[in-house]
């Protein structure tokens, strides 16, 4: 087991190196060291001398990924890529274009993101399971037909509409909650209630249809027929037999996204003025701040890989077929 | 003769239409495909959705035939002088809707309004007063808006609806007549059969949907020349016109981005599943890397890259429209390049299963080449997965466009799209009094479009993936006599 | 005990309304084993599900009654029906590997029934479950009660399934093909277990099967079904000694065994009619050799031709006096004697196929699954070698590896030569040259033809690839000839595989292999997915081909009837090794190895 996890982590590091190389090439082809120098020195007419000086001072004078003039292993290591990537693995993100410490910002903004994403996620999964179980329980009735159609309708609406409409009705018309903003302590609930609600509703349609197909797939299996042949009631069949089996893929797909909750909800945070990582990312994109974007890509990938590993572990724990092998 | 202009996305769209036409032709020739599609054709919901989609698609196609109009020869120019063309590129749709397109107001006005939404200083009888000015075009024909507006709108509405109803009736009759001809029954009977849903193709649902669309169309046709049916936006543009123009953007993004994923997804998915081993490892590595990067960030990076490219090479594009168009084109491409991992994974799994099947083994025993096996034996048997994912993806991409535009990495701000409409709606909703019609228009059009697509997609999915069987109302058990009739028909 | 009257079940299938069971009536007495026998699709499983009211969503019982101790369970409300299921009547399904809940311990799956239908619960129920596990022959029941199904073998899973079915001590147990998914030795054990338990519990068994030998071994009375109807009901003794219905008579003649060597098998032409139609005459009329005019337009009734022996056939209708029926069933013609064996076509020496088990990031090989481990045999032209073994013995792997289909997947050592050419080192065109010599026919006729290709494309593919010198014109001539040879009409060329029945598809697969004019055909269980009547057609065809073309067969199978009928030589395989190898007479008559003996002893037989 430990052996297995170590192997998965090894693979994760391999993936991260790939991610880094990819984003590195992407960003540096958009924003070359020369561009950076010109930007940071400022002014319209920047002498080539000044650019070279700027690059030397910051170590940008090296080749990007392959240093032909160096010798031995330094051909690979004495490059901008390695110089810029290695600190990331130590979670040292450097500073943004505006000169602020990215690592500090991330630590600050992580918690509001989580405060929004975690309840949305937990309540959302609960709501989706209930909705999909209802759809399955009433299968082959008109209740299911309309439920299905309603779910399709829900998923045909852009999440932006949910936010705009929600803000309009609950904040402007009914004045129940503030339109946006964030503060810790007891007001937290007031600020988070609406975004959480919207977050749940906007995913309800598509997710409950997805879970429904998982349930229906299980229901068609032979062991369910066996369970019915024992004289068990439909509720027992559904909860004791079908749910356990269908929960396996559900569990693992949920565990996979757990770590990503830290990344926050991009749109939601930006609309509701929640100072989390999602909003941070959007600001960075709008300001074309590549240092921040690269850091966020790195964190996102790390969390994704952690999610993959957690998925494997949870599968081994939940499924006797894998655990006992 | 105006000068035809082919934008990159136009070409793609026409290519795509040709592709769909080819597929349709192919499907009618292949019994298995014909059989499967027949169950889509017999699904009332799917066919109603298809009617709506056809209208949307038609609008998008009309909006994709671009030209630069010929300018009237300059006075005194030689008769054989080279013709001069306008710098503005128009589409057929622009030409058809030149009325609403050109009737630009100053700023916001409510749907069917006669006055501007905000007050303005005006000189009336030499005195300067602040009031809501009359619109230049909306309701311009009215002498006294206060009293004339309601009767005018009502009478025009009635005329429009009547026209729509007439057209709808004509359509019902035409369909009934054609069916009557082929079945050799009186038109009345044919009409009754349609109304009682006793037709294979659900004509009643199709015709009802078409009738609703015709009624709406008739109403719009009657009012639009005289009013801004859905109001105007901040810069006074007609919102209904904007919304209709946005359809093309949605169609291009949805279809082309899906199309762009296919080469990667099919190529990598099949190769990974077929060769297994190292090839599989490498391909899995690539798509894990790709999917571990948060998609918005990945797309943002690419979009910033193309923005730099576009900014650096301004000479490449003759008009602003072309520039905006190339951005749309590249954006769709990016969505394709970044979005293939999911489908590739599915295709890999499916290919793994197929390679174990006996007919693939038989082909190997015949020494058929790897490429031959993949082309003849594997690809045709995974196309249903491709089709299902493609139709499902389509609507997701239309929704995604709005999010990307909000983040600032979507289409060019000058391109009409649902995303840009919603984007501006954010500030409009916080105005007092609220400007709600822009958002409402975007909502209405987008939901209609996406919902139709989703319903159609779920029917396609049901037909091609037996595991996804959705609810099907239990057919009534036919009585013996009816069974006998069907048996006889089959015998024929 | 169980009385079924006029049970009619309809299914809403894609092809329209299907009457899966049509006015079926039967009674089963206490302690009796009643067999319902028939080919696939005849409605026997649907009958079982109708009795329990466990039909799929698309099906329903449209009329008739099912009385258990005078209560019509069809009329019961669903909640009362649940008290019946498991308690009064329970069922054992065919596929033990999917019929148990994979994430629930077997103990829990048994206690569930006990707790549902008796007052026993908790520890007491668990003790009862352990007792049942012991009774169905699971060793160390107290330990295995906490196991999950995947930890048990296939036979053990079926034993657990039996324990579940019997745990609430029902009056009637329906056994729906209880041994079809199991190997022959396990099958014998399970059947014995059922007999034992019946003696102890005194329950009635409704045994549903397609295997006449099992019926003979197990049942007291038997009903034969055809196309949704019962066509014959009799005691087992009478049914097997003097079957009446032409269908039953034909089936017995179509079963391959030693006695029929050198004869053609009587095959029943055509296939079972689709059930989405109204029948105006006898459903068997189109395939019947004794068909009369009245069969076409008068549906025959089930009549008592003899005491306690009912049959649905106009031949026995007294009002329609006719010659005695039995005379019409003529014996099948003999085949010409086998031609002498030719030169050695295939020679296999010390062949090993090991599948590597890879582990770790770098996928190092840490071990091997030795699917084939040192096999030596040879086949001469015009001869048939039957490779016999139970599932997992590696017999299929031998076939695939010989044809060089496992090159990338496994580590292969030893030598194979086809017509004297060693295969292992060949690549590209040289390999293709040799591939012409050996071809393969697979088990599943539905998986072996690409559903998206037309028949002519399917048949042409091999010729185009392996015989590049044959031009398009010759190619289509050759294909048409092959189609004639396997007995299909030429209009088949432009059709798709799904338009053909299982037997026809298998003919296509044979035609495809023959089109490249091979000297050896590896036939991997070519008839095990087919019904007996169709199997006979295919076996006849294979025999004919061997006579005419001198093809050699490597016949991979687990079916001893087929082996006895067809094989010249037999090789018995177990765990990747050949345990015994010799002429058919020798292996079948004087088996030396213990395993061969136990295998032969386990095969249920009609004439014992």
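Residue numbers (my numbering), protein chains in the order written: chain A, 1271 to 1595; chain B, 230 to 721; chain C, 117 to 724. All residues carry an ideal CB built from backbone N, CA and C; glycine is no exception. Note that this is a predicted model, so its numbers are computed, not measured.
Alpha-carbon to alpha-carbon, residue j and residue i
i: residue 1524 (chain A); j: residue 1426 (chain A); result: 23 Å
i: residue 373 (chain B); j: residue 360 (chain B); result: 16 Å
i: residue 366 (chain B); j: residue 456 (chain B); result: 7 Å
i: residue 700 (chain C); j: residue 709 (chain C); result: 14 Å
i: residue 186 (chain C); j: residue 1417 (chain A); result: 42 Å
i: residue 127 (chain C); j: residue 293 (chain C); result: 21 Å
i: residue 394 (chain B); j: residue 330 (chain B); result: 27 Å
i: residue 370 (chain B); j: residue 633 (chain B); result: 41 Å
i: residue 1571 (chain A); j: residue 1291 (chain A); result: 13 Å
i: residue 645 (chain C); j: residue 658 (chain C); result: 16 Å
i: residue 365 (chain C); j: residue 619 (chain C); result: 20 Å
Segment limits, beta strand (DSSP E) that includes residue i
i: residue 342 (chain C); result: 337–342
i: residue 121 (chain C); result: 118–129
i: residue 58 (chain C); result: This structure does not reach residue 58 (chain C), given that chain C is present from 117 up to 724, and the question cannot be answered.
i: residue 669 (chain C); result: 668–673
i: residue 141 (chain C); result: 132–144
i: residue 149 (chain C); result: 149–153
i: residue 557 (chain C); result: 554–557
i: residue 74 (chain C); result: Because chain C spans 117 through 724 in this model, residue 74 (chain C) falls outside it and cannot be assessed.
i: residue 532 (chain C); result: 527–534
Helix, strand or coil at residue i [DSSP, three-state]
i: residue 319 (chain C); result: coil
i: residue 1283 (chain A); result: helix
i: residue 500 (chain B); result: helix
i: residue 641 (chain B); result: coil
i: residue 505 (chain B); result: coil
i: residue 549 (chain C); result: helix
i: residue 235 (chain C); result: coil
i: residue 543 (chain C); result: coil
i: residue 1585 (chain A); result: helix
i: residue 1336 (chain A); result: coil
i: residue 422 (chain C); result: strand
i: residue 1349 (chain A); result: coil
i: residue 160 (chain C); result: helix
i: residue 736 (chain C); result: Coverage of chain C is limited to positions 117 through 724, which leaves residue 736 (chain C) absent and any answer about it impossible.
Nearest candidate by alpha-carbon position, reference residue i, set the options
i: residue 1364 (chain A); options: A:1560, A:1578 and A:1592; result: A:1560
i: residue 500 (chain B); options: B:583, B:488 and B:535; result: B:583
i: residue 574 (chain C); options: C:612, C:552 and C:219; result: C:612
i: residue 467 (chain B); options: B:342, B:516, B:681 and B:294; result: B:342
i: residue 266 (chain B); options: B:320, B:333, B:397 and B:429; result: B:429
i: residue 279 (chain C); options: A:1435, A:1485, A:1444 and A:1496; result: A:1496
Chain F contact for residue i (CB, 8 Å cutoff)
i: residue 1293 (chain A); result: Of the protein chains in the structure, A, B and C, none is chain F.
Span of the alpha helix (DSSP H), counted from its first residue to its last, around residue i
i: residue 1492 (chain A); result: 1492–1499
Length at least 3, wholly inside the stretch 271–333 of chain C: the beta strand (DSSP E) runs in chain order:
288–292 and 320–325
* Asked: Which full runs of the alpha helix (DSSP H) of 4+ residues lie inside the stretch 413–483 of chain B, going along the chain?
  -> 416–424 and 432–452
_What ranges does the alpha helix (DSSP H) occupy inside the stretch 358–417 of chain B, keeping only unbroken runs of at least 4 residues that lie completely in it?_
374–412
Exercise. Mind listing, in chain order, the continuous alpha helix (DSSP H) runs of no fewer than 4 residues lying wholly within the stretch 562–623 of chain B?
Key: 570–584, 587–594 and 599–602
Extract the residue ranges of the beta strand (DSSP E) inside the stretch 255–319 of chain B, only unbroken runs of 3 or more that lie entirely within it. 295–297
Within the stretch 503–537 of chain B, note down every full alpha helix (DSSP H) run reaching 4 residues or more, in order along the chain. 506–521
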